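Asks: Each residue of the sequence shown is one higher than the one before, starting from 12 at the first, in the working numbering. C-beta atoms are modelled at their ideal positions from N, C-alpha and C, and glycine is treated no differently. Quick caveat, the model's predicted, so the values are computed rather than measured. So that we are looking at the same thing, I have put the structure below in structure tokens.
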Amino acid sequence: MPLNSIINLMKNQDVDIIFLNDPKNVFYVSSYRSDPHERILAAVLFKDAKPLLFVPALEENDARKTAEEFEVVSYMDTQDPWTVLATSIKARHSPLSDWSIEKDFLTVERMEALRKHFPTATFDHNISATLQEMRLIKNEQELAFMKEAGYWADEALKIGAKTLREGITELEVVAEIEYQLKRRGVAEMSFTTMVLFGENAASPHGVPGDTKLKKNQFVLFDLGTMHEGYASDVTRTFFFGEEPSAHQKKIYDLVLAAHDEAMAAVHPGIKAGELDAVARTIITEAGYGRYFNHRLGHGLGQGVHEFPSIMEGNEMALTEGMCFSIEPGIYIEGDIGVRVEDCGFVTADGFESFTHTPTDIGAYLKLID
Ligand SMILES: [Mn+2]
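See below:
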């Protein structure tokens, strides 16, 4: 479907050919997902000819099976890929003057290769923003994949909770989560799994190590899984013990209130910056504003670094189908770190989360039951 929309778009503009080589965009239009490393992978779309998927020879069979609407052309490592590519493009008998390229991704080296083979073409159009915009709004299929990725993130939290015991290290918990997930068919996490004990969680980008778990500490899990090329991302801060201190409870409840209020505030039309402010105001008014040292959330899709960015100053109005995280936190160096995060999508009148693990301070006890 995205393929047809883009080709139609091309017909309304002065564009003859679209050249995509960002693997995420290639996947988006062709359903073929691959990390080609230094080799060239490209989807080439024409106004009046069958689109072309250009892959390294070792990927040819996989590409053919997946990208049904494309003609697959491959090249050996010993060949000059640009000569093979240019020959296939020129054989298309479609206008080839006005190109649209990914200005945020195409390297100068690759640009020069294109210019060399198409000396009379112009490369003024930029397709990056169009694709970014299209990828912002997820279709039913994409949402279904993300819900499945969310299901496995919830499962990961369950495994993590059941693994906790006094004396276990952060890395041992990480290992157990990933081991059990892989045994159940989850091939890939969406980023490096984070498990942090006590004050270690005061760094929002902390690195799990050999710290041992003690009773009455918070344990912060930030993790996600990939499903069919789509990511999930969830954070829970579990209280490992019976009774949190007044300080622990105060910080936790504040973060949770910010999280809940922001979740409830989402509706089509609210600006990203306004949503950030909903959560930030709660934490700031309680006197902890300087300890909430990152944006409220980020977009989510084929990765965890997509648009929209939920931050102050972002005037983008959120619309149905956009996917992002809501993840307020309070981080006090040498003391405490708490974050509660869910990812989800904008619905006709609100927000639906991909993850459903309970968020209350007693959640840990429920999960190990
Ligand atoms: Mn996140």
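Threshold first: 3 residues or longer. Then list the beta strand (DSSP E) segments lying entirely within the region 175 to 205, N to C.
Replies: You should have found no qualifying run.
Asks: Return helix, strand or coil for residue 335, following the three-state DSSP convention.
Replies: In the sequence shown, counting from the first residue as 1, residue 335 sits at position 324. It is a strand residue.
Asks: Can you tell me which residues form a DSSP beta bridge with residue 282?
Replies: Within the sequence shown, residue 282 is the residue found at index 271, counting from 1. Paired residue(s): 328.
Asks: Return the CA-CA distance between residue 278 and residue 359, expressed in angstroms with no decimal places.
Replies: In the sequence shown, counting from the first residue as 1, residue 278 sits at position 267. In the sequence shown, counting from the first residue as 1, residue 359 sits at position 348. Rounded to whole angstroms, residue 278 to residue 359 spans 7 angstroms at the Cα level.
Asks: Sort out for me which residues DSSP pairs residue 237 with in a bridge.
Replies: Residue 237 sits at position 226 when you count from the first residue of the sequence shown. Answer is 242.
Asks: Which same chain residues end up closer than 7 angstroms to residue 191 when comparing Cβ atoms and leaving out the 5 residues on each side of it in sequence?
Replies: To locate residue 191, count along the sequence shown from 1; it is residue 180. Closer than 7 angstroms at Cβ, skipping near neighbours: 170.
Asks: Kindly indicate which three-state DSSP category residue 315 falls into: helix, strand or coil?
Replies: Reading the sequence shown from its first residue, position 304 is the one you call residue 315. DSSP places residue 315 in coil when its eight states are reduced to three.
Asks: On the three-state DSSP scale, how would you describe residue 171?
Replies: Here residue 171 is taken as the residue at index 160 of the sequence shown, counted from 1. Three-state DSSP puts residue 171 in a helix.
Asks: If I follow the unbroken alpha helix (DSSP H) through residue 271, where does it start and stop?
Replies: Indexing the sequence shown from 1 puts residue 271 at position 260. Its alpha helix (DSSP H) spans residues 257 to 276.
Asks: Does DSSP put residue 90 in a helix, in a strand, or in coil?
Replies: What you label residue 90 is simply residue 79 of the sequence shown in a count that begins at 1. Coil, per DSSP.
Asks: Under 6 angstroms from any heavy atom of ligand 1, does the C-beta of residue 244 make it?
Replies: Indexing the sequence shown from 1 puts residue 244 at position 233. Checking the Cβ of residue 244 against ligand 1 gives yes.
Asks: Quick one: grab the DSSP three-state call for residue 24.
Replies: Walking along the sequence shown from the start, residue 24 turns up at place 13. Residue 24 falls in the coil class under three-state DSSP.
Asks: Over the uninterrupted beta strand (DSSP E) stretch that includes residue 129, give me the two end residues.
Replies: For this step, residue 129 is matched to residue 118 along the sequence shown. Taken as a continuous stretch (DSSP letters only), residue 129 belongs to no beta strand (DSSP E), as it is neither H nor E.
Asks: Applying the 10 Å Cβ sphere with the 16-neighbour rule, what's the burial state of residue 149?
Replies: Taking the first residue of the sequence shown as position 1, residue 149 is located at position 138. When all chains shown are included, residue 149 counts as buried.
Asks: So, helix, strand or coil for residue 342, using DSSP?
Replies: Position 331 of the sequence shown, counted from the first residue, corresponds to residue 342. Residue state, collapsed to three classes: strand.
Asks: DSSP puts residue 384 in a beta bridge; with which residues?
Replies: With the chain represented from 12 up to 380, any question about residue 384 goes unanswered, as that position is not in the structure.
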